[in-house]
C-alpha cells in the first residue's frame, strides 16, 4: 500500500533517539502555558481529525488525548471497542482500513496486544500514536513522567530511578526504562520474583557490572535506597488469578511503598505513579497524599505532552 | 520510520548579501525614533503594552521598552508572543516549526498593545499575532511597530504598520535580514539574494 503522507508515527520510545525525546519534551514544555490560559484553545490543528481507537478501557489516557486534540482545535472522535468483541488479525486490519478510508490525520491506538500500533501503522495513511500496546510500550506515559521529573529535578542525566512493582506486565516500565536510560539515568527495578525476572537486566543491553544502566534488585529496599525518583507501578488486580503472589495483603506488606520505605530514598526524592492507584496496596495513602507524591502533576503534564505529540504527528503532512 | 524534523532551518549560509542598509548606529537611532513616536502617539507610557513577536521582534521590543523608560521615566508593560500555533501554513511547511512560549503575564484587557516585529512583508505573521491576542482578551487598541517595512506591494492582507523604522522597497527574490546581537554575530540590516532554485 502506498503511503503518500510523511510519516510521523510515535510507536514507542525504543524507536526514538535522545534528540527526538528532548525535542518532544521541549515542545511539550511550551504547550503547558496554553493549558493555564483562560481560553485553552489554539487553532493549530483546525480541520485535522484525530481518532482515539481504544480496544482497552481507559479514562485518564483517553480523556487526556481527547483534551489535547480539542485544545489544538482538531476534531476528535473516540471509539471504544471492547477487546472481547474483536478478534485479532484480519479484523484489526479491516478496522484500520475502514477508519483510514475516512481520512483521519492521526489515529491514537490502545490495544491489549503488543505490536498492534506497528501493524496499524503499516496499513494506515494517518500518523499512528501508541497509547499503550499490551506489555510493550506506553510512550506518552514515559514522556509525561520525564516531564514531571525534569520539572522537579531540572535534569534526568545522572538520576537514580527506582521502578517498583509488576515489571513483567508493565508497558509503563518498559517505556520508562528506554527513555530514562537514553537520557542518562540509572534505573533499578524491584518487585516479586515472579513479576521481575532476573534476566530482565538484559532488556536494554547485554553490558554488565555495577555500571549497567538497568539493574534488577532482589529487594524493594535495595532499589529505593538513595533513589532520586521512586516510580510505583499499579498492581494489575485483574491478573490476580494467575498467582504471581499469594495475596494483595502480602504484596502490600512486602512491596508497598510506605513512609518507612520511602525514607530510604534521598531526602528530596519524588514519587510517581501512572494511575489508577490501589491505595493501601502498592502505595500507602500517607505517601500518595504527601507533598513528595507528584501523581496529579503527572496527569496535568500529560495533556501538554499529548498536545506536543499530536502537533508533531500531524503538523506537516505534505512535503 | 519516525522523523521529527524539529531543527530543520533554511540554510542561511548560502545567501549572498547584496547591500547593508543599516548598521548598528543607524539601527539604534531608528529604535529611539520608534520609541519616541510610540509615546507621542499614545501620550505617554500609561497602559502601553509592548509585545515582541518571536524571534527577532523580542530583542527589538526590549530595546523599545528601555528607550521608553528612559524618555518617560516609566516602564511600559512588556510581553512576548509566539505565533507558531496560529500560523496558516502548518500543512505546507513540511516540518513542524518549533513551538515557543507566549508570555503575556499581565492582562491585555483595555491596554494599548504595540506589536513589535523586525520585518513587515506579507502581513501573515501579524494576522496570526492579532488572532492570538484576541484569544487572550480585548485590548483597547492594537498598534504595529516594525523596524523594516518591505512595502505595500508585497502585502497579502490588509495590514499596515503604525510605526516604521525604515521602508525598503524590495523584490520578491530578495530576503531582508535584521541581525541582532542576541542571535547574530553582527548588528545591522542587510538585503540578501535568495539562491535561485
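Residue numbers (the numbering used here), protein chains in the order written: chain A, 1 to 319; chain B, 1 to 197.
By construction, the Cβ of each residue, glycine as well, lies at the ideal position given by its N, Cα and C atoms.
All values reported here derive from a predicted model rather than from experimental measurement.
Could you please give me the residues that DSSP links to residue i through a beta bridge?
i: residue 54 of chain A; result: A/80, A/110
i: residue 143 of chain B; result: B/114
i: residue 127 of chain A; result: A/106
i: residue 189 of chain B; result: B/22, B/178
i: residue 245 of chain A; result: DSSP, once it has assigned bridges, lists no residue as partnering residue 245 of chain A.
i: residue 79 of chain B; result: B/51
i: residue 119 of chain B; result: B/148
i: residue 270 of chain A; result: A/229
i: residue 257 of chain A; result: A/283
i: residue 16 of chain B; result: B/193
i: residue 167 of chain B; result: B/149
i: residue 103 of chain B; result: B/80
i: residue 293 of chain A; result: A/271
i: residue 216 of chain A; result: A/189
Could you pull out every residue in the same chain whose Cβ sits closer than 6 Å to the Cβ of residue i, ignoring the five residues on either side in sequence?
i: residue 141 of chain B; result: 112
i: residue 139 of chain A; result: 10, 12, 13, 130, 175
i: residue 308 of chain A; result: 24, 27, 28, 31
i: residue 48 of chain B; result: 42, 76, 112
i: residue 129 of chain B; result: 53, 81, 83, 115
i: residue 23 of chain B; result: 188
i: residue 306 of chain A; result: 64, 65, 68, 140
i: residue 181 of chain B; result: 187
i: residue 143 of chain B; result: 114, 162
i: residue 20 of chain B; result: 188, 190
Could you name the residues of chain B that residue i contacts, counting a contact when the two beta carbons are closer than 8 Å?
i: residue 39 of chain A; result: 135, 136
i: residue 43 of chain A; result: 85, 86, 131
i: residue 30 of chain A; result: 82, 99, 100, 101
i: residue 327 of chain A; result: The shown model of chain A, from 1 to 319, leaves out residue 327 of chain A, and the question about it has no answer.
What does residue i touch in chain A if you count any residue whose Cβ is under 7 Å from its own?
i: residue 60 of chain B; result: Ordered by position in chain A, no residue passes the 7 Å Cβ test against residue 60 of chain B, which lies about 21 Å from the chain.
i: residue 102 of chain B; result: 33
Can you list, in chain order, the residues of its chain whose CB lies under 8 Å from that of residue i, leaving out five sequence neighbours each side?
i: residue 93 of chain B; result: Bear in mind that the predicted position of residue 93 of chain B carries a pLDDT of just 49, short of 50, making it unreliable; the figure below should be weighed with that in mind. Cβ neighbours of residue 93 of chain B beyond the five flanking positions: 87.
i: residue 40 of chain B; result: none
i: residue 189 of chain A; result: 162, 163, 164, 167, 173, 177, 196, 200, 214, 215, 216, 217, 223
i: residue 265 of chain A; result: 162, 224, 225, 226, 227, 228, 230
i: residue 58 of chain A; result: 110, 131, 132
i: residue 101 of chain B; result: 80, 82
i: residue 198 of chain A; result: 216
i: residue 33 of chain B; result: 165
Assuming residue i and residue j are in contact, meaning their beta carbons sit under 8 Å apart, how far apart are those beta carbons, in whole angstroms?
i: residue 61 of chain A; j: residue 104 of chain A; result: Wrong, their Cβ atoms sit about 18 Å apart, outside the cutoff.
i: residue 163 of chain B; j: residue 83 of chain B; result: Going by Cβ atoms, the distance from residue 163 of chain B to residue 83 of chain B rounds to 19 Å, so no, they are not a contact pair.
i: residue 232 of chain A; j: residue 178 of chain A; result: At roughly 19 Å, the Cβ-Cβ gap does not stay under 8 Å, so residue 232 of chain A and residue 178 of chain A are not in contact.
i: residue 178 of chain B; j: residue 148 of chain B; result: 6 Å
i: residue 220 of chain A; j: residue 35 of chain A; result: Their Cβ separation, rounded to whole angstroms, is 35 Å, which puts residue 220 of chain A and residue 35 of chain A out of contact at 8 Å.
i: residue 93 of chain A; j: residue 123 of chain A; result: 6 Å
i: residue 67 of chain B; j: residue 31 of chain B; result: 6 Å
Under 7 Å Cβ to Cβ from residue i, same chain only, skipping five residues before and after it: list those, please.
i: residue 8 of chain A; result: 127, 312, 313
i: residue 293 of chain A; result: 271, 287
i: residue 245 of chain A; result: 192, 194, 251
i: residue 73 of chain A; result: 41, 42, 43, 44, 45, 46
i: residue 239 of chain A; result: 169
i: residue 125 of chain B; result: 53, 83, 117
i: residue 2 of chain A; result: Residue confidence is low: residue 2 of chain A scores 39 on pLDDT, short of 50, so the model does not pin down where it sits. Its coordinate-derived value is still stated next. So the list is empty, once near-sequence residues are dropped.
i: residue 112 of chain A; result: 55, 56, 83, 134
i: residue 175 of chain B; result: 15, 192, 194
Run down chain B in chain order and give the residues with a C-beta less than 7 Å from the C-beta of residue i.
i: residue 255 of chain A; result: Near residue 255 of chain A there are no residues of chain B at all, since even the closest Cβ is about 36 Å away, more than 7 Å.
i: residue 140 of chain A; result: By Cβ distance, chain B contributes nothing, its closest Cβ being about 14 Å from residue 140 of chain A, past 7 Å.
i: residue 49 of chain A; result: Per Cβ cutoff of 7 Å: no residues; residue 49 of chain A is ~13 Å from chain B at best.
i: residue 251 of chain A; result: Result: empty, since nearest Cβ-Cβ is about 37 Å, beyond 7 Å.
*Segments of 4+ residues assigned as alpha helix (DSSP H) that fall wholly inside the stretch 136-214 of chain A*: 139-153, 171-182
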